[in-house]
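Peer 1: One structure, pasted below without further comment.
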Amino acid sequence: MAMGLLVAPSMVVAAAGESKLLVSATILKHASLQVLAQPPSVVVTAADIARGYVDVPSPAQVAVQSNTQGGYMLMFESQGEFFRQTLVKGLDTDVQLGASGGGVAQRAAGRGMSKTLLDLGFRFVLSDSVRQGVYAWPMRLSVTPL
2 MAMGLLVAPS MVVAAAGESK LLVSATILKH ASLQVLAQPP SVVVTAADIA
52 RGYVDVPSPA QVAVQSNTQG GYMLMFESQG EFFRQTLVKG LDTDVQLGAS
102 GGGVAQRAAG RGMSKTLLDL GFRFVLSDSV RQGVYAWPMR LSVTPL
């Protein structure tokens with residue numbers, strides 16, 4: 002998302018021979034996400050299948066930058082078919098997402114531009130048809146300002 006500044010000058014006529022220039026500015030809402038680290042894959046073992054879920058051993062690390070007082074919406078898009086639910090840890094509260102993913106509203110860190118670093122842990126509840134193996138990382142993240 003691009004951040005912009007809208008400037009609207011206007012002239013106000015004052016006393017004879019004098020003029021004033023009024024300027025107003027609107028700062029557009031902005032949010033961006035940078036993935037700093039994430040696992041390249043998810044390994045599913047026979048023990049994971051028997052248990053019904055797999056915990057990813059290392060977190061995904063992301064940086065979110067936002068200038069909105071209303072916070073931002075963190076979106077999780079699922080691209081894997083080996084699981085039916087995802088538990089995400091490391092946000093304000095743990096979040097359970099369905100097979101297709103979902104969105105989570107996050108509070109603003111303060112006024113003005115702020116940067117938040119998140120360490121996100123993932124537990125994938127496995128589908129009934131899953132087989133042992135190595136699966137490509139299934140989650141795609143994005144952010145939208147609120």
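If you read the sequence shown in my numbering, its first letter stands for residue 2, the second for the next number, and so on.
Beta carbons are placed, not taken as given, at the ideal position from N, Cα and C, and that holds for glycine.
On the CB-based measure, 16 or more other CB atoms within 10 Å of its CB, does A3 come out buried or exposed?
Peer 2: Interpretation of A3 is limited by its pLDDT of 47, a score under 50 that renders its predicted location unreliable; the figure taken from the coordinates is listed afterwards. When all chains shown are included, A3 counts as exposed.
Peer 1: I'd like to confirm the pairing. Which residues does DSSP put opposite R141 in its beta bridges?
Peer 2: Note: R141 sits in a beta bridge opposite E78.
Peer 1: So, with DSSP's three-state summary, where would you put R132?
Peer 2: coil
Peer 1: Three-state secondary structure (DSSP) at M2?
Peer 2: Bear in mind that the predicted position of M2 carries a pLDDT of just 43, short of 50, making it unreliable; the figure below should be weighed with that in mind. Here M2 sits in coil by DSSP.
Peer 1: Alpha carbon to alpha carbon, how far is M74 from A48?
Peer 2: 35 Å
Peer 1: Which of helix, strand or coil does DSSP assign to R85?
Peer 2: strand
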